[in-house]
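For the numbering used here, count along the sequence shown from 1 and bump the result up by 557. The C-beta atom is built at its ideal place from N, Cα and C for all residues, glycine as well.
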Amino acid sequence: MTRIALIALPLFACAAPLPAAASEMNDTVATLNDPVAQDRMAETITAMVGALMQMQVGPLAKAVAQIDPESDAAYIPPDATLGEVTGRDPYYAERMGDDVRATTRMAGHAASAIAAYAPVLKDMARDLAAQWEREREAARR
């Protein structure tokens, strides 16, 4: 009996009214589907990755080499950047930004689908919870 109650808990949670969550979902869907927001996210990632690739890693490599003289860090030049150490690709940051833009679009499509199906799923959860209650009552007779 306890097992059935545990299984039914998610159904009750789904059937509960969640107006705040619905509002947040609509805001999220709108943001993810907004081309301006997609571009801002992509441009932010492009700038961040570009800056990271220019970061000096020589001092860190020196510290690692002092701890482990046999590591590859001992061979990294003192003025090396992260981009140089990782095999500098001048378009890496831009590609990463494009990937973020595409991922955001796909997340927007997925969120739109979830929002569209939410009322149906909520009704299903409510029906299953009611059915569970009936079965539980029948088992107690």
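Check: Is the CB-CB distance between A599 and R683 below 8 Å?; Outcome: no
Check: Do K619 and P635 have their CB atoms nearer than 8 Å?; Outcome: yes
Check: Would you identify the three-state DSSP class for T638, choosing helix, strand or coil?; Outcome: strand
Check: Do three or more CB pairs link the region 645 to 658 to the region 604 to 623 at distances below 8 Å?; Outcome: yes
Check: May I have the straight-line CA-CA distance separating A667 from A604, to the nearest angstrom?; Outcome: 27 Å
Check: Counting only beta-carbon separations shorter than 8 Å, does W689 have a partner in chain D?; Outcome: Reference to chain D is not applicable here, since this structure consists of a single protein chain.
Check: Using the beta-carbon count (16 or more within 10 Å), is V593 buried or exposed?; Outcome: exposed
Check: Would A686 be called buried (16 or more neighbouring beta carbons within 10 Å of its own) or exposed?; Outcome: buried
Check: Between the Cα of G654 and those of E694, S628, D680, R597, spot the shortest distance and give me the residue it belongs to.; Outcome: R597
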